[in-house]
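Asks:
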Amino acid sequence: MGIYLMATLSSLISSGGGGGALPQIVLASSQTWVPPQDGNICIHVIGAGGGGRGGNVTAYSGGAGGYSKKTTLAVTTSGSFTVVVGAGGNGGYAGNNGTSGGNSTFAGTGLSATLTANGGQGGNVSGNNANGAGGSASNGNVNNTGGAGHELGGGGAVGVIGTGNSGTTYLSGQSDVSATGLESFSGYGYLVGGVGKRRLYQGNTSTSYDPSKDLHGGFLCGGAAINGLVNTVNDVSAGNGGVGGGGGGSRAAYNASAGFGGNGGSGVVIIQYLPA
Amino acid sequence: MKFNIKDADGNITNTIIANAEFVEANFENYELWTDPNPTPVEPTAAEVGRMWRDMELSSSDQAAQTPDWPNRDNILTYRAALRDWPAKNEDGEYINGFPDTRPEL
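The listed protein sequences derive, respectively, from chains A and B.
Going by this note's numbering, the residue at position 181 of the first sequence is 181; the numbering climbs one at a time, nothing skipped.
Count along the second sequence from 1, then add 276; that gives the number in this note's numbering.
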């Protein structure tokens, strides 16, 4: 079942004297989609983020999903599209790797090739790529690879303008179209992302651990990692990725059985009707 | 719901969000996804208190073993209070404020 949202920007412009508001449609689950009205649409396909690794000598984070954008496509109410939405990768626990995020696709009437945004890789300890790589994308006018996870910083971010941002030492991956608090202003072919989160350093006493701190990434952003240095609590949990973002890794250096990696953010397909 | 999509050999090729009707109509091989992780366990106040006490004792070991360590007498008193914390009465109930009231240096 799809979730239908009217973009705030669309509503504002419409109320200023234009024609009827143009819908922005968010498809958060796989489905067969039929356009509710004729027109030109912009399609954003976002793969799911990989999960972070749980509990190890360092916090290996998940990569973000890929991003495929079809700038414009003419549709009618007689058309039909098959939409697949990738599920976020699972964060690992107790020294286990995070799993890869699912692939999102969009195919149907008028498209010569399936728009594909692959899921990001989970945080892992195999090979040289311990942090998850970002997912690739294909067949759109824009095809960007997601940001890789960052050791200790957090999950990668979805790249809307170019390759997605990885995290930094203290911050999870942040969207390259970030504008805090203005995410709802996405519309008319453009997306506005959220912000990354600062990783949590647990410190060396139980009193410095604040499990209520929000480590979850904003829209298109990675979840923050958690760096637990001592055995002061039973479980430490890294942040989940926002939509398409990689999950943060979890480090519990002296209690490796106690770390949960963050889950990767789920994929999504966003359809924006365009002005004539 | 989340489903694992599989190829003919049973290998997972994708994990998606969908309802059962969509998956049945579009894929031949699939299974309902299940979470392999246990539910996170939050520590009890008593567990947190004991871990804090152990850390305090550990971090003051050097002070206790060094005769001319500054403020050593108070540190030794503090460590004795830590070792007596928690304590229980004859009915098995915690006394001396455990786990809410911690000894102070």
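Heads up, the beta-carbon is just placed ideally off N, CA and C, and yes, glycines get one too.
Since we're looking at a predicted model, the values are computed, not measured.
Checking 8 Å against the spacing of the C-beta atoms, do A:Ser68 and A:Asn143 come in under that value?
Replies: On the first sequence, position 68 is the one that residue 68 of chain A refers to. On the first sequence, position 143 is the one that residue 143 of chain A refers to. Going by C-beta atoms, A:Ser68 is nearer than 8 Å to A:Asn143.
Asks: Is DSSP giving A:Leu152 helix, strand or coil here?
Replies: Stepping through the first sequence from its first residue, residue 152 of chain A is reached at position 152. In this structure, A:Leu152 counts as coil in the three-state DSSP scheme.
Asks: What are the boundary residues of the beta strand (DSSP E) that A:Trp33 is part of?
Replies: As a first step, residue 33 of chain A is located in the first sequence; it is residue number 33 there, counting from the start. Taken as a continuous stretch (DSSP letters only), the beta strand (DSSP E) holding A:Trp33 covers Gln31 to Trp33.
Asks: Among A:Ser80, A:Gly49, A:Gln24 and A:Val84, which one has its Cα closest to the Cα of B:Val299?
Replies: For the purposes of this step, residue 299 of chain B is taken as residue 23 along the second sequence, with counting starting at 1. For the residues A:Ser80, A:Gly49, A:Gln24 and A:Val84, the minimum Cα distance to B:Val299 belongs to A:Val84.
Asks: Consider the Cβ of A:Ser266: report whether some Cβ of chain B lies at a distance smaller than 8 Å.
Replies: On the first sequence, position 266 is the one that residue 266 of chain A refers to. For A:Ser266, the answer is yes, since a Cβ of chain B falls inside 8 Å of its Cβ.
Asks: Let me make sure I understand the geometry here. Which of A:Phe185, A:Glu151 and A:Ala179 has the alpha-carbon closest to that of A:Tyr170?
Replies: Position 170 of the first sequence, counting from 1, holds the residue named residue 170 of chain A. It is A:Glu151 whose Cα lies nearest to the Cα of A:Tyr170.
Asks: Do we get a CB-CB distance below 8 Å when we pair A:Gly102 with the residues of chain B?
Replies: On the first sequence, residue 102 of chain A is found 102 positions in, with the first residue counted as 1. Yes, A:Gly102 counts as interfacial toward chain B.
Asks: The stretch 343-354 of chain B: which residues have C-beta closer than 9 Å to a C-beta of chain A, in chain order?
Replies: Here the close residues number zero.
Asks: Under 7 Å Cβ-Cβ, which residues of chain A neighbour B:Phe298?
Replies: Against the second sequence, residue 298 of chain B aligns to sequence position 22. Those within 7 Å of B:Phe298 in chain A are Ser30 and Gln31.
Asks: State buried or exposed for A:Leu115, treating a residue as buried only when at least 16 other CB atoms are found within 10 Å of its CB.
Replies: In the first sequence, counting from the first residue as 1, residue 115 of chain A sits at position 115. The residue in question, A:Leu115, is buried, as its Cβ has 16 or more Cβ neighbours within 10 Å.
Asks: Taking the alpha carbon of A:Gly102 as the point to measure from, which residue in A:Ser175, A:Gly259, A:Ala28 and A:Ser172 has its own alpha carbon closest?
Replies: Taking the first sequence and counting its residues from 1, one reaches residue 102 of chain A at position 102. Answer by Cα proximity: A:Ala28.
Asks: Comparing the C-beta of A:Ser206 with each C-beta of chain B, is any distance below 8 Å?
Replies: Counting from 1 along the first sequence, the entry for residue 206 of chain A is found at position 206. For A:Ser206, the predicted structure reports a pLDDT of 47, less than 50, and the residue's modelled location is therefore unreliable. A value from the coordinates is still provided. True, the Cβ-Cβ gap to chain B drops below 8 Å.
Asks: Near A:Thr32, what residues of its chain come up, given a Cβ to Cβ distance below 8 Å and the 5 sequence neighbours on each side ignored?
Replies: The residue given as residue 32 of chain A occupies position 32 in the first sequence. If we look at A:Thr32 and ignore the five residues flanking it on each side, its Cβ neighbours are Ser80, Phe81, Thr82 and Val83.
Asks: Is the CB of A:Gly86 under 8 Å away from at least one CB in chain B?
Replies: Translated into the one-based positions of the first sequence, residue 86 of chain A becomes position 86. A:Gly86 counts as touching chain B.
Asks: Please name the residue, chosen from A:Thr168, A:Gln121 and A:Ile41, that lies closest to A:Gly88 on a Cα-to-Cα basis.
Replies: Stepping through the first sequence from its first residue, residue 88 of chain A is reached at position 88. Closest option to A:Gly88, Cα to Cα, is A:Gln121.
Asks: Against chain A, does B:Asp311 count as a neighbour if the rule is that its beta carbon must be under 8 Å from one of theirs?
Replies: In the second sequence, counting from the first residue as 1, residue 311 of chain B sits at position 35. So yes, B:Asp311 belongs to the interface.
Asks: Can you find a CB in chain D that lies within less than 8 Å of the CB of B:Ala294?
Replies: You won't find chain D in this structure, because its protein chains are A and B.
Asks: Which residue marks the beginning of the beta strand (DSSP E) containing B:Tyr306, and which one marks its end?
Replies: Counting from one through the second sequence, the residue named residue 306 of chain B turns up at place 30. From DSSP, the beta strand (DSSP E) with B:Tyr306 extends over Tyr306 to Leu308.
Asks: Please report the straight-line C-alpha distance between B:Gly373 and B:Trp361, rounded to a whole angstrom.
Replies: Residue mapping note: residue 373 of chain B aligns to position 97 of the second sequence, counting from 1. Residue mapping note: residue 361 of chain B aligns to position 85 of the second sequence, counting from 1. Straight-line Cα distance between these residues: approximately 8 Å.
Asks: Quick one: what does DSSP say A:Thr207 is sitting in, helix, strand or coil?
Replies: Counted from its first residue, the first sequence places residue 207 of chain A at position 207. Its pLDDT being 46, under 50, A:Thr207 is placed unreliably in this model, and the value from its coordinates should be taken loosely. Three-state DSSP puts A:Thr207 in a helix.
Asks: Taking the beta strand (DSSP E) that A:Ser68 falls in, what are its first and last residues?
Replies: Working through the first sequence from its first residue, we reach residue 68 of chain A at position 68. Per DSSP, A:Ser68 belongs to the beta strand (DSSP E) from Tyr67 to Val75.
Asks: Could you tell me the distance, in whole angstroms, from the CA atom of A:Ser172 to the CA atom of B:Val324?
Replies: In the first sequence, the residue the question calls residue 172 of chain A occupies position 172. In the second sequence, the residue the question calls residue 324 of chain B occupies position 48. Their backbone Cα atoms lie some 28 Å apart in a straight line.
Asks: Going by DSSP in three states, A:Phe219 sits in which element: helix, strand or coil?
Replies: Translated into positions along the first sequence, residue 219 of chain A becomes position 219. If DSSP states are grouped into helix, strand and coil, A:Phe219 belongs with coil.
Asks: Which residue or residues does DSSP assign as beta-bridge partners of A:Val236?
Replies: For this step, residue 236 of chain A is matched to residue 236 along the first sequence. DSSP, once it has assigned bridges, lists A:Gly259 as partnering A:Val236.
Asks: On the CB-based measure, 16 or more other CB atoms within 10 Å of its CB, does B:Arg359 come out buried or exposed?
Replies: As a first step, residue 359 of chain B must be located in the second sequence, where it is residue number 83. Exposed, by the Cβ-count rule.
Asks: Run down chain B in chain order and give the residues with a C-beta less than 8 Å from the C-beta of A:Thr82.
Replies: One-based indexing of the first sequence puts residue 82 of chain A at position 82. In chain order: Asn302.
Asks: Alpha carbon to alpha carbon, how far is A:Ala157 from A:Gly264?
Replies: As a working mapping, residue 157 of chain A is identified with position 157 in the first sequence. As a working mapping, residue 264 of chain A is identified with position 264 in the first sequence. For A:Ala157 and A:Gly264, the distance between alpha carbons rounds to 11 Å.
Asks: Just to confirm the assignment: which complete alpha helix (DSSP H) runs, minimum length 4, are found wholly within the stretch 116-190 of chain A?
Replies: Taking only runs of at least 4 residues, no alpha helix (DSSP H) segment lies wholly in the stretch 116-190 of chain A.
Asks: Measure the alpha-carbon distance for A:Gly261 versus A:Arg53 and round it to whole angstroms.
Replies: Here the question's residue 261 of chain A lines up with position 261 in the first sequence. Here the question's residue 53 of chain A lines up with position 53 in the first sequence. The straight-line gap from Cα to Cα measures roughly 5 Å.
Asks: Specify, as a first and last residue, the run of the alpha helix (DSSP H) that A:Leu27 falls within.
Replies: Position 27 of the first sequence holds residue 27 of chain A. It is not in any alpha helix (DSSP H) - A:Leu27 instead sits in the beta strand (DSSP E) that spans Gln24 to Leu27.
Asks: 8 Å is my cut-off, CB to CB: does B:Pro375 come that close to chain A?
Replies: Translated into the one-based positions of the second sequence, residue 375 of chain B becomes position 99. With 8 Å as the cut-off, B:Pro375 does not count as an interface residue toward chain A.
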